[in-house]
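Q:
2 protein chains.
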Amino acid sequence: MAESKTMISINNILDFEQRYRATFINSLSGFKSVNLIGSKDRYNNENLAIFSSVVHIGATPPLIGLIVRPDSVDRHTLTNILTTQSYTLNHINDNIFNKAHQTSARYPKEESEFEAVGLTPEYKNECFAPFVKESNVQIEMEFKEKVDLKINGTSLVIGQIKSIHLPLKAIQEDGFIDLEQLNTITCTGLDSYHKTQRINRLSYAKPNQNLKMIK
Amino acid sequence: MAESKTMISINNILDFEQRYRATFINSLSGFKSVNLIGSKDRYNNENLAIFSSVVHIGATPPLIGLIVRPDSVDRHTLTNILTTQSYTLNHINDNIFNKAHQTSARYPKEESEFEAVGLTPEYKNECFAPFVKESNVQIEMEFKEKVDLKINGTSLVIGQIKSIHLPLKAIQEDGFIDLEQLNTITCTGLDSYHKTQRINRLSYAKPNQNLKMIK
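Line by line, the protein sequences are chains B and E. Using this note's numbering, you'd call the opening residue of the first sequence number 9 and step up by one each time. Using this note's numbering, you'd call the opening residue of the second sequence number 9 and step up by one each time.
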């Protein structure tokens with residue numbers, strides 16, 4: 009049974025106080041992937057920033073997108089990605105979500121967020137950018153394309169996966185990764201962090217055929 | 009303590025069997041927003057399709073993006089959006105997730121997925137496209153821009169929010185929407201659905217200042 013709803017119009021939304029509106033609209037896009045992005049400038053200054061705007065672009069080739077705002081702390085990350093082509097995506101788990109959130113503070117460019125919040129940079133596989141050691145799913149990315157969205161001045165940054173580092177036991181027989189087993193968490197809005205509990209996996213849907221639960 | 013990891017290289021990924029690779033890479037982008045998109049063609053044929061590629065683009069104006077594949081069942085949705093400019097985003101809750109998943113079957117264009125899976129189209133507020141009555145968060149969207157991503161032939165479809173329909177009790181004092189109270193769920197990969205449990209909301213981060221829990 010659906011609950012009784014109230015309508016909020018675009019005029020109501022535009023009348024909201026700015027921070028209230030940002031909190032409200034950011035909640036509407038639902039549960040989000042939340043990652044730490046590791047990068048480095050040419051002078052080896054490390055940078056770490058939390059992003060909740062990661063989106064799957066395609067599997068062949070394996071591409072992941074990211075919405076970046078030009079007017080925020082995202083800027084150091086974007087500059088590093090564009091100048092070095094290298095960055096890492098690191099899943100956030102429930103042991104590090106508060107340190108991850110703290111990376112959104114406006115630290116000066118020469119200060120490493122790794123050090124400021126107490127996370128450990130990890131270098132491997134000839135990747136220029138640092139991974140987050142405390143993360144259970146680390147993805148090495150190579151910058152491919154920046155698509156500027158004129159409608160509001162943000163950009164879609166597309167990168168290709170170069171390597172992935174994770175515990176093998178979390179990969180199921182059909183390629184599905186059990187992120188709950190790896191303690192990956194999700195977020196809503198600008199500041200709310202959530203654990204998850206699997207309801208079910210469902211079989212590939214075909215017309216006039218009942219769905220089966222997988223496992 | 010981070011777990012012991014194995015590296016999977018881009019060459020390993022490209023060697024994966026195609027469906028295994030799709031399942032694997034779709035899992036990597038983490039927990040995702042999962043929505044039903046309601047639309048209609050000019051002849052009033054209703055369409056309903058599940059999407060897990062929704063991404064927040066901005067709050068002022070309120071914009072939501074969507075990655076659409078040209079070669080899939082997404083196509084009816086895209087055609088309807090482009091010809092009518094109107095569509096709805098409807099959050100999925102744990103009462104309807106199996107019906108929502110079933111909309112991904114390849115029904116013929118003249119068959120309504122609403123009827124095929126047993127969900128109820130709802131019309132209100134002079135919106136041309138149907139909402140999903142059983143959804144607790146309904147968002148009326150107006151098409152703004154399609155950005156073609158040449159890198160793999162997908163498109164980013166950007167729309168502006170025109171109205172929102174939800175129970176007022178779920179909106180907190182600062183504009184945050186408590187999606188758990190509304191039973192909105194999240195998904196991973198192509199077919200796994202999850203409930204959530206809030207860990208915490210955290211205060212706005214500033215350098216050298218401890219985070220506080222909100223509520």
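Built from N, CA and C at the ideal position, the CB exists for glycine as well.
Mind pulling the chain B residues with CB within less than 7 Å of Lys220/E?
A: Ordered by position in chain B, no residue passes the 7 Å Cβ test against Lys220/E, which lies about 11 Å from the chain.
Q: Considering only residues of the same chain and omitting the five flanking positions on each side of Ser61/E, which have a CB-CB separation below 8 Å?
A: Contacts found: Lys40, Leu74, Ile75 and Val76.
Q: Residues of chain B with CB under 8 Å from Ser61/E, in chain order?
A: Residues of chain B passing the Cβ test: Val63 and His64.
Q: Determine the burial state of Arg209/B: buried for a count of at least 16 other Cβ atoms within 10 Å of its Cβ, exposed for fewer.
A: Answer is buried; the Cβ neighbour count reaches 16.
Q: Which residues of chain E have a Cβ atom closer than 7 Å to the Cβ of Glu153/B, listed in chain order?
A: Chain E residues near Glu153/B: Ile159.
Q: Name, going along the chain, the residues of the region 91-104 of chain E whose beta-carbon falls closer than 7 Å to a beta-carbon of chain B.
A: Listed by position along the chain: His99 and Asp102.
Q: Could you give the distance in angstroms between the alpha-carbon of Tyr201/B and the alpha-carbon of Arg114/B?
A: Cα-Cα distance, rounded: 20 Å.
Q: Using CA atoms only, rank isn't needed, just tell me which of Ile104/B, Phe184/B and Asn34/B is closest to Lys141/B.
A: Residue Ile104/B is the option with its Cα nearest to Lys141/B.
Q: Quick one: complete beta strand (DSSP E) runs, 3+ long, within the region 121-174 of chain B?
A: Correct list: 146-157 and 162-174.
Q: Compute the distance between the beta-carbons of Gly167/B and Thr96/B, then report whether it is under 8 Å.
A: Taking 8 Å as the Cβ cut-off, Gly167/B and Thr96/B do not qualify as a contacting pair.
Q: Met149/B versus chain E: which residues are under 7 Å apart at the beta carbon?
A: Under the 7 Å cutoff, chain E gives no residues; its nearest Cβ is about 11 Å from Met149/B.
Q: Determine whether the Cβ of Ser171/B lies closer than 8 Å to any Cβ atom of chain E.
A: Interface residue, yes.
Q: With 8 Å as the limit, tell me which residues of the region 201-215 of chain E have their beta carbon closer than that to any beta carbon of chain B; keep them in chain order.
A: Against chain B - using a Cβ distance shorter than 8 Å - the residues of the region 201-215 of chain E are Tyr201, His202, Lys203, Thr204, Gln205, Arg206, Ile207, Asn208, Arg209, Leu210, Ser211, Tyr212, Ala213, Lys214 and Pro215.
Q: Excluding the 5 residues flanking Glu130/E on each side, which residues of the same chain have their C-beta closer than 6 Å to its C-beta?
A: Same-chain partners within the cutoff: Phe139 and Lys141.
Q: Under the rule that 16 or more other beta-carbon atoms within 10 Å means buried, what is Ser112/E, buried or exposed?
A: Ser112/E is buried by the Cβ-count criterion.
Q: Check Lys214/B in the structure and name its three-state DSSP category.
A: Looking at Lys214/B - three-state DSSP - the assignment turns out to be coil, as it is neither helix nor strand.
Q: Check this for me: beta carbons of Asn101/B and Ser143/B, under 8 Å apart or not?
A: Taking 8 Å as the Cβ cut-off, Asn101/B and Ser143/B qualify as a contacting pair.
Q: With burial defined as no fewer than 16 other Cβ atoms inside 10 Å of the residue's Cβ, what is the status of Asn34/E: buried or exposed?
A: Per the 10 Å Cβ criterion, buried.
Q: To the nearest angstrom, how far is the alpha carbon of Ile207/E from that of Gln110/B?
A: Approximately 16 Å between the Cα atoms of the pair.
Q: Tyr28/B lies in the beta strand (DSSP E); which residues open and close that run?
A: Where Tyr28/B is concerned, there is no enclosing beta strand (DSSP E), although the alpha helix (DSSP H) it sits in stretches over Gln26 to Leu36.
Q: Which bits of chain B does Glu134/E rub up against, with CB to CB less than 9 Å?
A: None at all; the shortest Cβ gap to chain B is about 11 Å.
Q: Are the CB atoms of Phe136/E and Lys48/E nearer to each other than 8 Å?
A: Yes, these two residues count as a Cβ contact at 8 Å.
Q: Could you run through the region 25-50 of chain E and flag, in chain order, every residue whose CB is less than 9 Å away from some CB of chain B?
A: Correct list: Glu25, Gln26, Arg27, Tyr28, Arg29, Ala30, Thr31, Phe32, Ile33, Asn34, Ser35, Leu36, Ser37, Gly38, Phe39, Lys40, Ser41, Val42 and Asn43.
Q: Determine the chain E residues that contact Arg114/B at a beta-carbon separation under 8 Å, and present them in chain order.
A: The contacting residues are Lys214 and Pro215.
Q: What are the start and end residues of the beta strand (DSSP E) that includes Phe59/E?
A: Per DSSP, Phe59/E belongs to the beta strand (DSSP E) from Glu54 to Phe59.
Q: Which of helix, strand or coil does DSSP assign to Ile6/B?
A: Look at the range of chain B in this structure, 9 to 223, and you will see that residue 6/B is not part of it.
Q: Confirm, please, whether the CB-CB distance from Met15/B to Ser94/E is below 8 Å.
A: Not closer than 8 Å, so no.
Q: Quick one: what's got a C-beta closer than 8 Å to Leu90/B's C-beta in the same chain, skipping five residues either side?
A: For Leu90/B, where only same-chain residues beyond five positions count, the Cβ hits under 8 Å are Phe151 and Lys154.
Q: Per DSSP, Tyr201/E is paired with what?
A: According to DSSP, Tyr201/E bridges with Asn208/B and Cys195/E.
Q: Tell whether a beta-carbon distance below 8 Å holds between Thr192/B and Val125/B.
A: Cβ distance not < 8 Å, so Thr192/B and Val125/B don't count as in contact.
Q: Can you check whether the C-beta of Thr85/E is within less than 8 Å of a C-beta belonging to chain B?
A: For Thr85/E, the answer is no, since every Cβ of chain B falls outside 8 Å of its Cβ.
Q: How is Thr14/B classed by DSSP in three states: helix, strand or coil?
A: Strand at Thr14/B.
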